[in-house]
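One structure is given below, encoded as structure tokens.
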Amino acid sequence: MTAAAKQLNRVNPLVWVLLIAFSIRLLLPLIAFIFTKELAIFYGGDTASYLVPAKELLRSGRYMTGGFPEIFRAPGYSLLLIPGIISNRLELVMVALQIGLSCLTVYLVFKIALLVFNNNKIAIICAWLYALEPLSIVYAGKILTETAFTTFLMAFLYCFLVYLNKRSLILLLAAAVILVAAAYIRPIAYYLPFLFTLILVVFASAKFSNKKTILIHGFLFFSLSMGSMYLWNIRNKIVAGYSGFSSVTEINLYYWHAAAVLTAKPGTNFLGQQAMLREQLQKALPPEVFQGKNIAHICACAPDYGSPSVLKYMREEAKKIIFSHPFSYLKLRLNGMVNILFNSTPWPYLTILNYYKIGGFTQIANAYETEFFRNGWLAGMSYYLNNTPAAVRITWLILQVNLLIYWCLTFLALPSKFFIKNTPALILITLASYFVIITGGPEGGSSRYRHPIMPIICIVAGYGLYFMMEKFKEKFNRETR
Numbered sequence: 003m004t005a006a007a008k009q010l011n012r013v014n015p016l017v018w019v020l021l022i023a024f025s026i027r028l029l030l031p032l033i034a035f036i037f038t039k040e041l042a043i044f045y046g047g048d049t050a051s052y053l054v055p056a057k058e059l060l061r062s063g064r065y066m067t068g069g070f071p072e073i074f075r076a077p078g079y080s081l082l083l084i085p086g087i088i089s090n091r092l093e094l095v096m097v098a099l100q101i102g103l104s105c106l107t108v109y110l111v112f113k114i115a116l117l118v119f120n121n122n123k124i125a126i127i128c129a130w131l132y133a134l135e136p137l138s139i140v141y142a143g144k145i146l147t148e149t150a151f152t153t154f155l156m157a158f159l160y161c162f163l164v165y166l167n168k169r170s171l172i173l174l175l176a177a178a179v180i181l182v183a184a185a186y187i188r189p190i191a192y193y194l195p196f197l198f199t200l201i202l203v204v205f206a207s208a209k210f211s212n213k214k215t216i217l218i219h220g221f222l223f224f225s226l227s228m229g230s231m232y233l234w235n236i237r238n239k240i241v242a243g244y245s246g247f248s249s250v251t252e253i254n255l256y257y258w259h260a261a262a263v264l265t266a267k268p269g270t271n272f273l274g275q276q277a278m279l280r281e282q283l284q285k286a287l288p289p290e291v292f293q294g295k296n297i298a299h300i301c302a303c304a305p306d307y308g309s310p311s312v313l314k315y316m317r318e319e320a321k322k323i324i325f326s327h328p329f330s331y332l333k334l335r336l337n338g339m340v341n342i343l344f345n346s347t348p349w350p351y352l353t354i355l356n357y358y359k360i361g362g363f364t365q366i367a368n369a370y371e372t373e374f375f376r377n378g379w380l381a382g383m384s385y386y387l388n389n390t391p392a393a394v395r396i397t398w399l400i401l402q403v404n405l406l407i408y409w410c411l412t413f414l415a416l417p418s419k420f421f422i423k424n425t426p427a428l429i430l431i432t433l434a435s436y437f438v439i440i441t442g443g444p445e446g447g448s449s450r451y452r453h454p455i456m457p458i459i460c461i462v463a464g465y466g467l468y469f470m471m472e473k474f475k476e477k478f479n480r481e482t483r
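Numbered per this note's numbering, the sequence shown spans residues 3 to 483.
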């Protein structure tokens, strides 16, 4: 063996994992831009809704869109955009930042796996799986919240798990601060303080000898995290008369959940139902309640978001539709939960390669969503397989084969008694379940909502791959004796 080879063998395997993770995440957007010469490949349908209020914040010092207080998007991701806006190199700065954040997530997967399994080899395997995971790779090159949110979420999880080992209040408070940052990036984390405070109470009762101290720590964790989040509720109430954290709740409920329930009827399609709901909204309320056209929010049909009366109507009308079709809605949610775990969305990959422009796949996506909402997740998969252009179908098949491998390894690991008795492992599975339950439904039609779950899937799958390798090694050793 040469001296150079010996030196390479001495390199920590984690260095190789991070180097490969960095290289893949750099090469995809770089090669895509070299071939397409299009900066638009780094954008998504939601990008403008973060970018517009970020620019207004820089210009006027107020977080606004279209001349009205911004309550649709919490400010976390918009704040991350500001260095790129100031430098006039938004795409370069954000893609570079997100490549770094995604690599940090790879490292956090390693550290969390080390806490869970106390085995360096398994932790390295878990990190490898996430380094090569397609969702994390493609979204590092998209100016969207997925990468940043997942990094903050994993950082929170790591601090929380270390706290359980060391009982350090500083670590728990650090976890609370990181969780607040995650919620300001994506409001789906808003209810996690309740879940993790409950986890602290349960494990204080079952595991810890000094129960009083842990309960006090839990109170401080909840107060800091939930209190910091609720400050944005107060801000929204003061500037816009809206008491929620983000009006994305009402928008999704009306234009996605209610529209999806109505789409289940024969002879309708999803975009048609959204348009019908928009028309119904505009007829039901007087013109003066509509606060201009917030063109940044292209992800929803509504032209306005700021008026409390508009949002109240959306919320109440959506509830009426959902409660009038309870079994359809239950079926929709169950299908969404399954779909978010087992289906893939090809559009991020095809748009970053400029095969489709942003919004250029609306007709196909509408037909897929209509089929999914009406007939379930298997029908949605069948649509991708049988009714889409070759590029879409092939991309989807490649992604599905990759996802199938990850799930086979995961299912190999889950029956192990280790995952029943191991506290950190149970917390990982609980967190993954939270995201599946919350985003199950219409949102489950897009695999982007699986993004924050993939590090956990990689950790469990890493154990499955290690288990399989050990079994093969044992068999090989027996046969060669």
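For glycine and all other residues, C-beta sits at the position ideal for the given N, C-alpha and C.
Which residue wins for smallest C-alpha separation from residue i, given the options the options?
i, options, result
"residue 78", "189, 239 and 325", "189"
"residue 462", "365, 453, 86 and 431", "431"
"residue 2", "280, 423, 137 and 481", "Any property of residue 2 remains undetermined from this structure, which presents the chain solely from 3 to 483."
"residue 242", "289, 309 and 116", "309"
"residue 109", "122, 339 and 98", "122"
"residue 410", "314, 100, 465 and 370", "465"
"residue 337", "356, 376, 314 and 351", "376"
"residue 406", "344, 457 and 380", "344"
"residue 326", "58, 448, 261 and 74", "261"
"residue 95", "69, 271 and 41", "41"
"residue 134", "18, 179 and 227", "18"
"residue 219", "253, 204, 250 and 175", "175"
"residue 416", "470, 172 and 357", "470"
"residue 419", "119, 97 and 89", "119"
"residue 387", "346, 352, 414 and 351", "346"
"residue 193", "437, 448 and 457", "437"
"residue 99", "440, 28 and 14", "28"
Over the uninterrupted alpha helix (DSSP H) stretch that includes residue i, give me the two end residues.
i, result
"residue 27", "15-38"
"residue 51", "49-62"
"residue 341", "328-344"
"residue 359", "No alpha helix (DSSP H) contains residue 359, which DSSP labels as neither H nor E."
"residue 385", "379-388"
"residue 206", "194-208"
"residue 81", "78-89"
"residue 479", "456-482"
If you draw a straight line from the alpha carbon of residue i to that of residue j, how long is it in whole angstroms?
i, j, result
"residue 303", "residue 476", "Bear in mind that the predicted position of residue 303 carries a pLDDT of just 48, short of 50, making it too unreliable to give a figure here."
"residue 287", "residue 312", "8 Å"
"residue 364", "residue 274", "12 Å"
"residue 158", "residue 225", "16 Å"
"residue 259", "residue 452", "18 Å"
"residue 125", "residue 181", "24 Å"
"residue 71", "residue 248", "12 Å"
"residue 421", "residue 428", "6 Å"
"residue 240", "residue 231", "15 Å"
"residue 149", "residue 101", "8 Å"
"residue 197", "residue 482", "51 Å"
"residue 268", "residue 398", "27 Å"
"residue 140", "residue 168", "36 Å"
"residue 319", "residue 340", "27 Å"
"residue 237", "residue 423", "43 Å"
"residue 314", "residue 252", "8 Å"
"residue 73", "residue 468", "46 Å"
"residue 321", "residue 332", "13 Å"
"residue 215", "residue 403", "48 Å"
"residue 161", "residue 172", "10 Å"
"residue 115", "residue 107", "12 Å"
"residue 34", "residue 24", "16 Å"
"residue 382", "residue 89", "43 Å"
"residue 366", "residue 56", "32 Å"
"residue 277", "residue 271", "10 Å"
In the structure shown, what three-state DSSP assignment does residue i receive?
i, result
"residue 288", "coil"
"residue 147", "coil"
"residue 67", "strand"
"residue 219", "helix"
"residue 247", "coil"
"residue 418", "coil"
"residue 106", "helix"
"residue 443", "coil"
"residue 125", "helix"
"residue 348", "coil"
"residue 98", "helix"
"residue 485", "Nothing can be reported for residue 485: it is not among the residues displayed for the chain, which extend from 3 to 483."
"residue 267", "coil"
"residue 430", "helix"
"residue 254", "helix"
"residue 142", "coil"
"residue 188", "coil"
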